[in-house]
Amino acid sequence: MMNKKLVLIGGGHAHMATLANIEHIRARGHELTVIAPSEHHYYSGMGPGMLGKTYTPDDIRFRTRRVVEKQGGIFVLDTAVRIEAENRMVHLKSGRALRYDVLSCNAGSFVPQTGVVEGAEQVFASKPIERLQALQKEIIQRTAADRIAIGIIGGGPSAAEISGNIWQLVRKQKGIMPNITIFSGSEFFSRFSPPIGQKIRQILTRRGIQILEDDYARVISDHQIILASGKTVALDLVVLAFGVRPSTLFADSGLPVGPDGGLAVNQFLQNETYPELFGGGDCIHFLPRPLNKVGVYAVRQNTVLLHNLLARLEGKSLQAFDPGGDYLLIYNLGGGQGVFHKNRVTFKGRLAFSIKDYIDRKFMRKFQAFE
Ligand SMILES: Cc1cc2nc3c(=O)[nH]c(=O)nc-3n(C[C@H](O)[C@H](O)[C@H](O)COP(=O)(O)OP(=O)(O)OC[C@H]3O[C@@H](n4cnc5c(N)ncnc54)[C@H](O)[C@@H]3O)c2cc1C
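With numbering that gives the first Met the number 0, the residue at position 35 of the sequence shown is 34, and numbering never jumps.
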């Protein structure tokens, strides 16, 4: 019996394998505690589909608390606000502090509120995914009687999937189709191989969704946005769907971070200054090479993270994480339509969405089984 304390911050996508193995970890004599601000963790890949009512909230969430407690782990409903790495302590929002021998961070990312005027209530962000439920309610209510204007700020996957699923939601509810505009700032999908953006654009514009590519949103408030050109656009609802940033927890704690504030980790997903500190998913800066903020990497990190946490607790050797090559991208654009991309193959249509739906539901079933 070793009796070491393993603490996890966040029950996110990179911690799935660890959460599924709590019994095993405990059987080896270790204590496991999970700190999370919600009893559920939402699978973001299906978030836009939930907004569009293809999925219910239950379809896309893991009951983290239940999974932890069922296996004899300790679940702490709280938020980590500071890591005091010298003394191996995590400080929580409630004022509590927890001691650890090994700490693993999967605190995810957030949408920066750049340009948003304080107190704005009709501005929604694509993360946390829970917030998309409030957006859905608002859209259903407001499109029942009026033609409203919705602005989506962002020019990548979130903007595309959210606008497509707002369109689907209103159609399903038989509401009055709103004017939907994507404020892409610069060229839509410019970071991606051109056929992806072209195919997404074809699907969205055919539905009357406008894409504005030559002006940045500078000031975002409840009823209007002001663009860099000085132009003002009146809007009823605004959705922030631009690039995410890692949790500020690490920068706030004075820990070694990358340029975007992610916890600096080496090939073992381990911080080099504090070797009992590990991390995965959107909240890390992977020193060997920066990784895109996609769930694919978080999922690929699972087994390595589980292995390394146990190895660190028990003084065994660590495994290196290999991010792997090109990954599959499929976008859910609502209306049963998707865009598929892998290597040099890009296609759009119902098959693309069906493949995504199959993969996503399978992933959910695999880990929901532990509930
Ligand atoms: C709308 C949308 C759609 C997407 N679709 C896809 C897709 O189809 N495929 C894909 O690969 N990627 C997709 N992504 C990207 C993907 O969401 C992220 O890469 C993925 O969520 C990262 O997982 P994570 O577990 O690191 O972070 P998160 O999913 O953000 O999870 C972090 C967890 O930590 C908890 N947490 C946060 N802060 C603290 C704290 N201080 N203390 C304790 N707990 C904390 C949170 O509550 C949360 O449960 C999408 C993103 C968005 C916004």
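We put the beta carbon where it would ideally sit given N, CA and C, even for glycine.
Small disclaimer: the values here were computed from a predicted structure and weren't measured.
Helix, strand or coil, according to DSSP, for residue i in the structure here?
i, result
"G334", "coil"
"L131", "helix"
"Y357", "helix"
"G348", "strand"
"S125", "coil"
"R25", "helix"
"S157", "helix"
"L286", "coil"
"Y43", "The amino acid at residue 43 is misidentified as Tyr; the sequence shows Ser. Note: S43 maps to helix in three-state DSSP."
"H306", "helix"
"S162", "helix"
"E30", "strand"
"N301", "helix"
"L328", "strand"
"N178", "strand"
"V295", "helix"
"H12", "helix"
"K341", "strand"
"A19", "helix"
"A119", "coil"
"F362", "helix"
"A84", "helix"
"P258", "coil"
"K315", "coil"
"I73", "strand"
"R62", "coil"
"A250", "helix"
"Q266", "coil"
"F231", "It should be noted that the sequence gives Thr, not Phe, for residue 231. Strand, per DSSP."
"I199", "helix"
"V101", "strand"
"G107", "coil"
Please classify residue i: is it buried, with 16 or more other beta-carbons within 10 angstroms of its beta-carbon, or exposed?
i, result
"E186", "exposed"
"R64", "buried"
"N2", "exposed"
"H23", "exposed"
"N270", "buried"
"I358", "exposed"
"H222", "exposed"
"D325", "exposed"
"A319", "exposed"
"I175", "exposed"
"D193", "The sequence given here places Pro at residue 193; Asp does not occur at that position. Exposed, because fewer than 16 other Cβ atoms sit within 10 Å of the Cβ of P193."
"E212", "exposed"
"D145", "exposed"
"V256", "buried"
"K92", "exposed"
"D235", "buried"
"G118", "exposed"
"A263", "buried"
"E85", "exposed"
"T231", "exposed"
"G71", "exposed"
"E372", "As displayed, the chain neither begins before 0 nor continues past 370, which places residue 372 out of reach and without an answer."
"P177", "buried"
"V238", "buried"
"L276", "buried"
"T204", "exposed"
"E160", "buried"
"A143", "exposed"
"G323", "exposed"
"G229", "exposed"
"L350", "exposed"
"T53", "buried"
"L50", "buried"
"S162", "buried"
Quick one: measure Cβ to Cβ for residue i and residue j, integer angstroms, because I've assumed they're closer than 8 Å.
i, j, result
"I151", "I179", "7 Å"
"I181", "A216", "Their Cβ separation, rounded to whole angstroms, is 11 Å, which puts I181 and A216 out of contact at 8 Å."
"N331", "K355", "6 Å"
"G334", "Q135", "In fact, because the Cβ distance is near 16 Å, the residues do not count as touching under 8 Å."
"L308", "L97", "Actually they do not touch by this definition, with Cβ atoms about 16 Å apart."
"I8", "V89", "7 Å"
Compare the C-beta of residue i against all C-beta atoms of chain B and say whether one is closer than 7 Å.
i, result
"R217", "Among the chains in the structure shown there is no chain B, since it carries only a single protein chain."
**Message:** Under 8 Å, with one C-beta from each stretch per pair, do the region 9 to 22 and the region 295 to 309 reach the 3-pair mark?
**Reply:** yes
**Item:** Meets three-Cβ-pair contact criterion under 8 Å: the region 340 to 347 and the region 275 to 295
**Value:** no
**Prompt:** Hey, is the region 34 to 44 in contact with the region 63 to 81, meaning 3+ C-beta pairs nearer than 8 Å?
**Reply:** yes
**Message:** Could you check whether the region 117 to 133 touches the region 231 to 249, counting it as contact only if at least three pairs of C-beta atoms, one from each stretch, sit closer than 8 Å?
**Reply:** yes
**Message:** Across the region 109 to 117 and the region 50 to 66, are there enough close Cβ pairs to call them in contact, namely three or more that are closer than 8 Å?
**Reply:** no
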